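J.: Encoded as structure tokens, here's the structure I'll be asking about.
Numbering (the numbering used here), first residue to last: -1 to 131.
This is the structure in structure tokens:
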């Protein structure tokens, strides 16, 4: 009897954990989609870019998603938010090559020296890889 109670409690805990992670993943994807879609259409994301970017930061475990969004923001000429997001990625995951590439792209016009340093870091992480700028 005790074993069944423990098994049921463990199953309930697993379901609760899974549902909370699924909600977080959905929120991450929703924020990513809102930013990318809005910027593609030259509009402000619903709730504002800062709000959606904060949702992205709060809910995305995969920092590479944030780096890709930073690249989209750079393409849309939103250099401030793009730089902030890329810096967050490189701070949270210093070995994330995609984050360093995103930072190099975001800094290219405003801080060429910083951009070159980010390119050097990306190349150090993968010497055979190409760093697109």
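Heads up, the beta-carbon is just placed ideally off N, CA and C, and yes, glycines get one too.
Only a predicted model underlies this, so the values are computations on that prediction, with no experimental measurement involved.
Check residue 64 in the structure and name its three-state DSSP category.
T.: In this structure, DSSP gives residue 64 a helical state, which the three-state scheme calls helix.
J.: Between which two residues does the alpha helix (DSSP H) containing residue 53 stretch?
T.: 47 to 57
J.: DSSP on residue 127, reduced to helix/strand/coil?
T.: coil
J.: In its own chain, which residues sit with a C-beta less than 7 Å from the C-beta of residue 61, not counting the 5 before and 5 after it?
T.: 87, 90, 91, 94 and 97
J.: Using the C-alpha atoms, what's the distance from residue 57 back to residue 24?
T.: 9 Å
J.: Which stretch, first to last residue, makes up the alpha helix (DSSP H) that contains residue 75?
T.: Per DSSP, residue 75 lies in no alpha helix (DSSP H) and is assigned neither H nor E.
J.: Can you list, in chain order, the residues of its chain with a C-beta nearer than 8 Å to that of residue 67? Leave out the 5 residues immediately preceding and following it.
T.: 30, 33, 34, 51, 54 and 83
J.: So, are the CB atoms of residue 71 and residue 37 less than 8 Å apart?
T.: With contacts defined by Cβ atoms closer than 8 Å, residue 71 and residue 37 form a contacting pair.
J.: Indicate the three-state DSSP secondary structure (helix, strand or coil) for residue 85 in the structure shown.
T.: helix
J.: When burial is assigned at 16 or more other CB atoms within 10 Å of the CB, is residue 107 buried or exposed?
T.: exposed
J.: For residue 115 and residue 42, what's the separation of their Cα atoms in angstroms?
T.: 31 Å
J.: May I have the straight-line CA-CA distance separating residue 69 from residue 112, to the nearest angstrom?
T.: 16 Å
J.: From what residue to what residue does the alpha helix (DSSP H) around residue 95 run?
T.: 95 to 105
J.: Does DSSP put residue 43 in a helix, a strand or coil?
T.: coil
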